[in-house]
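Q: Have a look at this one.
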Amino acid sequence: MGPMDSLLIITGTMGAGKTSALGEASDILALKGITHAAIDLDSLGLALLPCGASSNRAMYRNLQSVCENYSSLGVTRLLLARA
């Protein structure tokens, strides 16, 4: 994965509005023509895994793959939301 210039992490409890804030932040950057990726981390870990498997580990491995894909396209700014 290449270097990231900027990272914004949005956290909060369920129903706090993280996904809405993520969407708004992404819209603002898009209006300014700023290349970025907006990722809801919780969705990367939604799975019923075999006994003993960690959904957090799967989520972070999925995030690594997604970041590598965006990085290969020249994206250096990330917005992340996580409960």
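For the sequence shown, the numbering used here gives the first residue as -1, with consecutive numbering after it.
A virtual CB, placed ideally from N, CA and C, is assigned to each residue, including glycine.
Check whether the stretch 62 to 75 and the stretch 29 to 38 are in contact - that is, three or more C-beta pairs closer than 8 Å.
A: A contact exists between the stretch 62 to 75 and the stretch 29 to 38.
Q: According to DSSP, simplified to helix, strand and coil, what is S4?
A: It is a strand residue.
Q: Who pairs with I37 in a beta bridge, going by DSSP?
A: L78, per the DSSP bridge assignment.
Q: Using the C-alpha atoms, what's the distance from T17 back to G43?
A: Computed Cα separation, rounded: 15 Å.
Q: How about the stretch 43 to 57 and the stretch 0 to 10: do they share at least three Cβ pairs that are nearer than 8 Å?
A: Contact between the stretch 43 to 57 and the stretch 0 to 10 is absent, because fewer than three Cβ pairs lie under 8 Å.
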